[in-house]
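Reviewing the structure listed below.
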Amino acid sequence: MYFPYLHGKQKEVLALRHLAPLLGAEGRVQPVIEPVRQAATSVRHTLEACEAHRLQTWLVVNPARQDFELLPQMQTLEWGRQLFTSLPRRQWIHPTLLLGPTLTPEVVRRFVQLFSGRPLGVVVGCDGPPLAEVLALLAGAPLRLVFFKNVEPRPLSVFPAGLSSALGAPGASGVAGVSAVWVEDRPAPDNQALRLHERHLFSEQPLRYEAQGRAGFSDFATLPSRPDAPDVSSRLVSFRLTYLRCAATTGPGRSEVWIEHFIGDRPPGEDGHAQARFRGALQAFHLALDRPDTCFGPTEAARRYLTSFIDGVLPSRALSKQWEVMHHLELMSGMLAGRFPSPPERADVPRSLLETDVRAR
């Protein structure tokens, strides 16, 4: 399972809303949304789409970034309650508690009082209260997932046996079937590194999370996707897409996840206008599609980039950022569902042996 960590930005919620039918049908992606804006209309519409298509979504109901930084936690929790209850249906949306530095026992108890009738999640940060204390306050609540964000994950089995019994029958992770998920924070290379190395490993977690006994893997959707992270290179002349690095020993759903930055060079004799440089980036992407060890899907967003290159109608900066997230989410879902990469054709097998003879039926 893949748990992409999103911050409720416009590009992210629009990408998720567009892909909700596909992601819900494949059942391999469960997004985590930590809003950064108090204006909740776009987020609510996206949550409604996730609910309509049975896409399990983990909603942080007490966010603490940007618009919420100076708000008391109880007030933020009330904002989250209003957002959650404004949804006509809420079967597939799971309230999630963020363990921040200002979290108080009163907020935890209020969270349990409001949402204890449904599966719950917890996000652990490096500056939050001790997890064992919070889990003790959550005793009896149907806690399902603990997301370790910006902090090394700890095995839930290290917590006292009394806490496990208070939460219910011990599960695979040691606490009543509660599973841990690590939100991997991969550092983004700087501009110079990008120009020297256009490709780099994005995440090894898809190959390792099962062996580590986790429920799935998680990251910040695409690099960077955090409110405090600056963009690398001018987004007017570049875009970045994740891809699957295929190897002979890697089967479907087990490919390594890499990321590539497509940057247009300054055309000779020109001032380096943004549109000309973006066309150069699209040209680089077009050439990358022919690499035998690389799989970009093809996702819908990859097809849109290719169409814009062929038609000469370049996407806006905002639309390009939305396509990046769309591509990443669909590629991860397709990888886990076995759609990507496409099975290689066997050149040594006659095609007639791979086709069904309707006359033999």
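So the mapping is simple: my numbering equals the position in the sequence shown, first residue as 1, plus 606. We put the CB at the ideal spot given by N, CA and C, even for glycine. These figures come from a predicted structure and were not determined experimentally.
Check                                                                                                                                                                   : Outcome
Taking the straight line between their C-alpha atoms, what separation do you get for L743 and R715?                                                                     : 7 Å
Pick helix, strand or coil for G746, following the three-state DSSP scheme.                                                                                             : coil
So, G727 versus W788, is the Cβ gap smaller than 8 Å?                                                                                                                   : no
Just grab the DSSP bridge partners of F868 for me.                                                                                                                      : F845
What do you reckon, are the CB atoms on V638 and F753 nearer than 8 Å?                                                                                                  : yes
Specify, as a first and last residue, the run of the alpha helix (DSSP H) that P812 falls within.                                                                       : 811-814
With 16 as the cutoff for other CB atoms within 10 Å, does R872 come out buried or exposed?                                                                             : exposed
Return the residue from the list A817, G819, A821, A827 that minimises the CA-CA distance to S809.                                                                      : A827
Looking only at its own chain, which residues have a Cβ that is under 7 Å from the Cβ of L683, when we skip the five neighbours before and after it?                    : V667, N668, V713, R716, F717
Measuring straight from C-alpha to C-alpha, what distance separates C901 and L620?                                                                                      : 24 Å
For P735, I'd like the list of residues in its chain whose CB is within less than 7 Å of its CB, leaving aside the five on either flank, ordered along the chain.       : L705, L709
In terms of residue numbering, what span does the beta strand (DSSP E) encompassing P627 cover?                                                                         : Not the beta strand (DSSP E): P627 falls in the alpha helix (DSSP H), residues 616-632.
Tell me whether S785 is buried or exposed, calling it buried when 16 or more other Cβ atoms sit within 10 Å of its Cβ.                                                  : buried
Given 8 Å as the limit, is there contact between the region 809-820 and the region 644-664, that is, 3 or more CB pairs closer than that?                               : no
Per DSSP, what kind of secondary structure is A778 in: helix, strand or coil?                                                                                           : Residue placement at A778 cannot be trusted, given a pLDDT of 39 that sits under 50; the coordinates are not used to answer.
So, is L676 buried or exposed, given that buried needs 16 or more other C-beta atoms within 10 angstroms?                                                               : exposed
Are the beta-carbon atoms of E936 and R846 separated by less than 8 Å?                                                                                                  : no
Please tell me whether L920 and R885 are closer than 8 Å, where the distance is taken between their beta carbons.                                                       : yes
For I865, count neighbouring C-beta atoms within 10 Å of its own C-beta (all shown protein chains included) and say buried if the count is 16 or more, exposed if not.  : buried
Taking the beta carbon of C732 as the centre, do at least 16 other beta carbons fall within 10 Å, making it buried, or is it exposed?                                   : exposed
Output the boundary residues of the beta strand (DSSP E) element that contains V713.                                                                                    : Counting along the chain, V713 falls outside any beta strand (DSSP E), though it belongs to the alpha helix (DSSP H) covering 711-721.
Can you tell me which of the three DSSP states A880 falls into?                                                                                                         : helix
Alpha carbon to alpha carbon, how far is K617 from H934?                                                                                                                : 13 Å
Please state whether DSSP places T652 in a helix, a strand or coil.                                                                                                     : helix
Excluding the five sequence neighbours on either side, which residues of its own chain have a C-beta within less than 6 Å of the C-beta of E640, listed in chain order? : H613, V666, P669
Output yes or no for whether 8 Å exceeds the beta carbon distance between A887 and G870.                                                                                : yes
What three-state label does DSSP hand E790 in the structure shown?                                                                                                      : strand
Roughly how many angstroms separate the alpha carbons of D896 and A890, rounded to a whole number?                                                                      : 11 Å
What residue range is occupied by the uninterrupted alpha helix (DSSP H) comprising T691?                                                                               : 679-691
What separation, rounded to the nearest whole angstrom, lies between the Cα atoms of Q679 and E790?                                                                     : 25 Å
Give the DSSP-derived three-state secondary structure of S785 in the structure shown.                                                                                   : strand
From the DSSP output, read off the bridge partner residues of P667.                                                                                                     : Reading the sequence as shown, one finds Val at residue 667 and not Pro. Note: V667 sits in no beta bridge, so no partner.
Which residues in the same chain have their Cβ closer than 8 Å to the Cβ of R687, if we skip the five residues on either side of it in sequence?                        : V667, L720
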